[in-house]
Each structure stands twice: as C-alpha cells, then as structure tokens.
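For reference, the structure is listed below as structure tokens.
Numbering (the numbering used here), first residue to last: 750 to 1063.
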C-alpha cells in the first residue's frame, strides 16, 4: 500500500499555495474558497486533476451560516469586521478594505466534513485561522503533521486571533513553531520606501510541525506508520525551508529506530522526497565543508541508490 498525502488549503484564492504546488501531481488536495466565482475558476483550472477537490464552502469552528464581508479588494474579504481605527491609520488600505456587499456563507468544521486523514494544512482566511483549527481538533490530535498559516501580531480585523493565540492552541496538541515567513515588507507609514524592506511588522506566515518525539513514538504507531510519518514530515520540512530538520528525521528513523524505506522505492510520494533531497545535496556538494562521499553515503542509506543529479543534466 502506498503513502497517502492529504492537504487542506483554506482560503484557496489564486490556487494552490506556491509552497505546495509541486505536490499537485502526487498528493490529494481539498481547496476551500468562499468566493463562488473564484471557486468556479479554480474548479476549471484544476479539472484535469482528479486528486484536487474544490469546495465553495467556508471553514469554521462548527457547521454554521456566517456573514461574509465582501471587500473591494477580494483578498481582504472576511467573516470579521475591519478594525476602522486601524484602517484609518493606513490611508492606502481604506478603499481596498471597504465593504461592497454582505452575504451569507455556508461553513463546515473539518472534523465533521472530512473523515479521512489530513496531513498538511495551509490557512489564509483573513483572521479566522484559529476558528478553523478549533473545528479540526480531532485531526490535530490524530493525523495533522504540518500547518502553514497567515498570522497577525497587529490587529486588522475586530476580534481576530494573533499568532500567539494560534501557537497556544497548537502547543496543546504537540506542535512546535519551526519558522516564520517574513521578508521585510511590513505596513507602510509613508511613500518613502525601499523596494523590498519597509514598514512595521503586521503579520507573517508561520509554520508548525508536530514534534518528532510524538510522530516517531513506537507506543503510538506501528513501524509502517512511523515510516509514513517520517516521509510526510520530511517533505513538509523540505517545502518550508527546514531542510536540516528533514534530514534529521530521516536519519533518526533509519539509524535510531532501525527502519528502512526500501518498500517505498516506487511510491510517488517517496520519489518526490528523494528528488528534493537530491536537489539539496547537489547544492551542498559545491560548498567547501561538504564532501560528495559523505552525501552519497547518507543518500544511499535513505534511498538505496546513488545520486546522479540527472535532473540538471540536459
């Protein structure tokens, strides 16, 4: 039996997140988008992919009908009301965040809507990320491995959760914050900015994974489940700029737990991971403090073959 990889993308406007796009040929996706025309566009965009499912539904803490504020800039549409005091201090956001219509949206809780395992989650829902996680506590406890969420440290919507609120919830389910995605483009205070670095930090994408000690706990999981947990987690790390963590969990499973991945040599999920590690090693081998012999040995230990770097050879 192959390795399954199920991914939920909440707030799927514009399509699968760039950090996950390379998995669209081998993972199963569940895209949730509340804007009906955008959901229809996504359904058309991905119609040739039988593994990509698009739902014109919202996600929330419970099955419910919620009021949605449709804004002039569709990317700011939210179940929450904009904090007027904050927006008034950001002249360039006033028009974009103005509400053009209000509609009712059907929402579902993930625990009730999806019964199959969920392994990765990406959340970008303009302030309701915590509510979505509250509706997925069963999955958080049982099967979710990695989460990437848009978070805030300064308010934009009334009553929205902040990154520390989300972190507090995830800590109770054994997750740890591994990194944040902030490139220096904050909230502008004037027009006198450099192209790439400006403003005050308002928010950023934050990335969590379940702790390695839980994913590899032999009292909770069978050997095959630990193998699958390792492969999925390594992929998530590789996709989220934590290549060191990816190799750490792979080597630990082989060396400390004595488990091998030989049975997955033809599995598309495992082959995807192998290609990503080979790309990493192609970069590392050119650095002065890495030797090809060392990298070859590690690669062969995990993947049972040598590196060819064939994807760089035309």
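Note that beta-carbon positions come from the ideal geometry of N, C-alpha and C, so glycine has one too.
Would you mind working out which of the options sits nearest residue i, comparing C-alpha positions?
i            : options               : result
residue 860  : 885, 879, 836         : 885
residue 871  : 779, 1022, 862        : 779
residue 951  : 852, 906, 794         : 906
residue 990  : 924, 967, 1025, 936   : 1025
residue 873  : 1040, 1034, 824       : 824
residue 904  : 958, 914, 921         : 914
residue 1053 : 772, 1037, 1038, 1008 : 1008
residue 921  : 945, 958, 930         : 958
residue 896  : 956, 828, 930         : 956
residue 1011 : 1051, 996, 891, 796   : 1051
residue 998  : 964, 810, 1017        : 964
Residues in its own chain within less than 6 angstroms of residue i by CB, not counting five upstream and five downstream?
i           : result
residue 805 : 785, 788
residue 994 : 986
residue 800 : 777
residue 889 : 922
To the nearest angstrom, how far is the alpha carbon of residue i from that of residue j?
i            : j            : result
residue 974  : residue 901  : 35 angstroms
residue 814  : residue 867  : 24 angstroms
residue 864  : residue 978  : 19 angstroms
residue 942  : residue 1057 : 45 angstroms
residue 1047 : residue 791  : 41 angstroms
residue 833  : residue 826  : 15 angstroms
residue 939  : residue 947  : 9 angstroms
residue 808  : residue 1032 : 40 angstroms
residue 1098 : residue 852  : Here the chain comprises residues numbered 750 to 1063, so residue 1098 is not present and cannot be evaluated.
residue 1003 : residue 1023 : 15 angstroms
residue 1061 : residue 1027 : Caution applies to residue 1061, whose pLDDT of 48 falls short of 50 and renders its modelled position unreliable; the value that the coordinates give is listed next. Cα to Cα, the separation comes out at about 11 angstroms.
residue 928  : residue 983  : 15 angstroms
residue 962  : residue 848  : 46 angstroms
residue 760  : residue 1043 : 42 angstroms
residue 926  : residue 934  : 21 angstroms
residue 812  : residue 854  : 11 angstroms
residue 937  : residue 767  : 25 angstroms
residue 831  : residue 949  : 19 angstroms
residue 894  : residue 969  : 15 angstroms
residue 1036 : residue 765  : 33 angstroms
residue 945  : residue 931  : 11 angstroms
residue 754  : residue 869  : 8 angstroms
residue 692  : residue 835  : Summary: the structure shown does not reach residue 692, with the chain confined to residues 750 through 1063, and so no result is reported for it.
residue 971  : residue 996  : 21 angstroms
residue 819  : residue 795  : 25 angstroms
residue 1000 : residue 992  : 12 angstroms
residue 793  : residue 916  : 36 angstroms
residue 918  : residue 1041 : 43 angstroms
residue 891  : residue 862  : 15 angstroms
residue 762  : residue 887  : 26 angstroms
Given residue i, which residues of its chain have a CB within under 8 angstroms of its CB, disregarding the five upstream and five downstream residues?
i            : result
residue 1013 : 751, 752, 976, 980, 1019
residue 1055 : 1045, 1048, 1049
residue 802  : 777, 778, 779, 780
residue 960  : 923, 924, 925
residue 817  : 783, 807, 826, 827, 828, 851, 852, 853, 854
residue 967  : 975, 1006
residue 1017 : 751, 774, 775
residue 756  : 769, 772, 776, 777, 778, 779, 867, 868, 869, 870, 871
I think residue i touches residue j, with their Cβ atoms under 8 angstroms apart; what is that distance to the nearest whole Å?
i            : j           : result
residue 988  : residue 769 : 7 angstroms
residue 1015 : residue 954 : Between residue 954 and residue 1015 the Cβ distance is about 34 angstroms, and since that is not below 8 angstroms, they are no contact.
Near residue i, which residues of its chain fall below 7 angstroms by C-beta distance, leaving aside the five closest residues on each side in sequence?
i            : result
residue 844  : 821
residue 810  : 858, 880, 883, 884
residue 1034 : 1041, 1044
Check whether the Cβ of residue i lies closer than 8 angstroms to any Cβ atom in chain C.
i           : result
residue 872 : You won't find chain C in this structure, because it holds only one protein chain.
Tell me whether the region 874-892 and the region 907-921 touch, counting them as touching only if at least three CB pairs, one residue from each stretch, are closer than 8 angstroms. Counting Cβ pairs under 8 angstroms, three or more are found: they touch.
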